[in-house]
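Participant: Residue numbering for the sequence shown follows numbering that gives the first Met the number 0, beginning at 0 and increasing consecutively.
Glycine included, each C-beta is placed from N, C-alpha and C at the ideal position.
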Amino acid sequence: MKDYFDKKFSIFKKIKSRRSEIRERASVNKEPKKRIETCVSCQKLFTYRELENNLYVCPSCNHHYTFDIKLRIDSLFDSYEIIKLNLKDFDPLNFPEYREKKKNLRSSTGYEEGLILVKGIIGGSPLYSFFMNPVFMMGSMGQYVGKGIVKCFDMARSERLPVLGVCASGGARMQEGIFSLVQMANTSFGVREHSDEGNLFLALLTDPTTGGVSASFASLADIIIGEPKARIGFTGRRVIEQTIRQKLPEDFQTSEFLFNHGFLDDIVQRKDQKQYISKILAYHRR
Numbered sequence: 000m001k002d003y004f005d006k007k008f009s010i011f012k013k014i015k016s017r018r019s020e021i022r023e024r025a026s027v028n029k030e031p032k033k034r035i036e037t038c039v040s041c042q043k044l045f046t047y048r049e050l051e052n053n054l055y056v057c058p059s060c061n062h063h064y065t066f067d068i069k070l071r072i073d074s075l076f077d078s079y080e081i082i083k084l085n086l087k088d089f090d091p092l093n094f095p096e097y098r099e100k101k102k103n104l105r106s107s108t109g110y111e112e113g114l115i116l117v118k119g120i121i122g123g124s125p126l127y128s129f130f131m132n133p134v135f136m137m138g139s140m141g142q143y144v145g146k147g148i149v150k151c152f153d154m155a156r157s158e159r160l161p162v163l164g165v166c167a168s169g170g171a172r173m174q175e176g177i178f179s180l181v182q183m184a185n186t187s188f189g190v191r192e193h194s195d196e197g198n199l200f201l202a203l204l205t206d207p208t209t210g211g212v213s214a215s216f217a218s219l220a221d222i223i224i225g226e227p228k229a230r231i232g233f234t235g236r237r238v239i240e241q242t243i244r245q246k247l248p249e250d251f252q253t254s255e256f257l258f259n260h261g262f263l264d265d266i267v268q269r270k271d272q273k274q275y276i277s278k279i280l281a282y283h284r285r
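1) Using DSSP with H/G/I as helix, E/B as strand and the rest coil, what is Val-181?
2) For Asn-52, is the classification buried or exposed, using 16 other Cβ atoms within 10 angstroms of its Cβ as the cut-off for buried?
3) Taking Thr-209 as the reference, give the member of Met-140, Glu-196 and Ile-148 with the closest Cα.
4) Could you pull the DSSP bridge partners for Gly-225 from this structure?
5) In chain order, which alpha helix (DSSP H) runs of at least 4 residues are fully inside the stretch 114 to 160?
6) Return helix, strand or coil for Arg-289, following the three-state DSSP convention.
7) Using the rule of at least 16 other Cβ atoms within 10 Å of the residue's Cβ for burial, across every protein chain shown, is Asp-206 buried or exposed?
8) Does the distance from the CB of Phe-254 to the CB of Gly-235 come in under 8 angstroms?
9) When the Cα atoms are used, what is the spatial distance from Arg-248 to Phe-262?
10) For the candidate residues Val-56, Cys-151 and Ile-81, whose alpha-carbon lies nearest to that of Phe-216?
11) Any idea if Arg-22 is buried or exposed, counting beta-carbon neighbours within 10 angstroms, 16 or more meaning buried?
12) Residue ranges of each beta strand (DSSP E) run of no fewer than 3 residues wholly in the stretch 48 to 120, ordered along the chain?
13) How should Arg-172 be labelled, buried or exposed, when 16 other C-beta atoms within 10 angstroms of its C-beta is the threshold for buried?
14) Report yes if the C-beta distance between Ser-144 and Glu-112 is below 8 angstroms; otherwise report no.
15) Using alpha carbons as the reference points, say which of Ser-277, Ala-214, Leu-280 and Arg-269 lies closest to Tyr-64.
16) Could you tell me whether the stretch 161 to 170 touches the stretch 81 to 93, where touching means 3 or more Cβ pairs closer than 8 angstroms?
17) Can you tell me whether Tyr-3 is helix, strand or coil according to DSSP?
18) How many angstroms separate the CA atom of Cys-38 from the CA atom of Leu-50?
19) Taking only the alpha-carbon atoms, compute the straight-line gap between Gly-169 and Asp-250 and give it to the nearest angstrom.
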């Protein structure tokens, strides 16, 4: 019996030693300069630094990864200031564990909510902008996000400045029920009031832009552009196929599909977005 346990113990020691070696190697690879990544699209290898320097776009196949919201803002703006919203924490239905979930997300992500408002300059043109944050509850639109977007349009309208909306959202926030769905109407009215006074609204749709966001303000912009292969649509592919009992095209609900069917004005590479948006703003400068 003793020999049996000695043998087992020896095996466990070897396993523990092997795990320590793996952890040590992993800790080295966690350094941004040394870490090796495999592209989820083409399976090619690249370093994390290469990905970072290429704005989180695969250098081999051009796959656009999710882009941190603050890095995106830095990549687009010449200069900017983040606008404090000062909105209360909404939980109209007292949904179980909702407040706790948001509290944990604030702690882990460092973001207050699923939206950031910015006033800044792109290519010499001043503008207001809102950025939906996919790392905070998938950028879903509840009262905080909806009211923040409306406030962005109100401030831009008062100064007769254009608005850039960068959308990345899973749609309406289910924890707020009907109060979330109402934001579709509120944001749409915000766009209408902004546009009625001759002000520009430019929307950049990134992966994913779905649900109540794609079905409201995101589709009402004067100019709508998308990132390559971004998922854009209302409901999921599987639900549609089950409903209509037909197989959908492989590229269904992608930027390319929507562009070919007239729902997008253009598809713009991430590295070209600042210059592209700068030209549009310059054309519409008052």
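Facilitator: Answer, in terms of the structure:
1) Correct three-state label for Val-181: helix.
2) Looking at its Cβ environment, which holds fewer than 16 other Cβ atoms inside 10 Å, Asn-52 is exposed.
3) Among Met-140, Glu-196 and Ile-148, the Cα nearest to that of Thr-209 belongs to Met-140.
4) Looking at the DSSP assignment, Gly-225 forms a beta bridge with Leu-204 and Ile-266.
5) For the stretch 114 to 160, whole alpha helix (DSSP H) runs of length 4 or above, ordered along the chain, are 142 to 158.
6) Only positions 0 to 285 of the chain appear in this structure, which leaves residue 289 out of reach.
7) By the 10 Å Cβ count, Asp-206 comes out buried.
8) Checking the displayed sequence, the identity of residue 254 turns out to be Ser instead of Phe. Against a cut-off of 8 angstroms, the Cβ pair of Gly-235 and Ser-254 comes out as no contact.
9) Going by the sequence as given, residue 248 is Pro instead of Arg. Between Pro-248 and Phe-262, the C-alpha separation is close to 16 angstroms.
10) Answer by Cα proximity: Cys-151.
11) For Arg-22, the pLDDT reaches just 49, beneath the cut-off of 50, and the residue's location in the model is therefore unreliable, although a value from the coordinates is still provided. Label assigned to Arg-22: exposed.
12) The stretch 48 to 120 is shown to contain whole beta strand (DSSP E) runs of 3 or more residues at 78 to 82, in chain order.
13) Buried, since its Cβ has 16 or more Cβ neighbours within 10 Å.
14) It should be pointed out that residue 144 corresponds to Val in this sequence rather than to Ser. The answer is yes: Cβ separation under 8 angstroms.
15) When each option's Cα is compared against that of Tyr-64, the closest is Arg-269.
16) No, the stretch 161 to 170 does not touch the stretch 81 to 93.
17) In this prediction, Tyr-3 scores a pLDDT of 48, lower than 50, which makes its location untrustworthy; the coordinate-derived value is nonetheless stated afterwards. The three-state reading of DSSP puts Tyr-3 in helix, counting H, G and I together.
18) The C-alpha of Cys-38 lies about 10 angstroms from the C-alpha of Leu-50.
19) Answer to the nearest angstrom: the Cα atoms are 19 angstroms apart.
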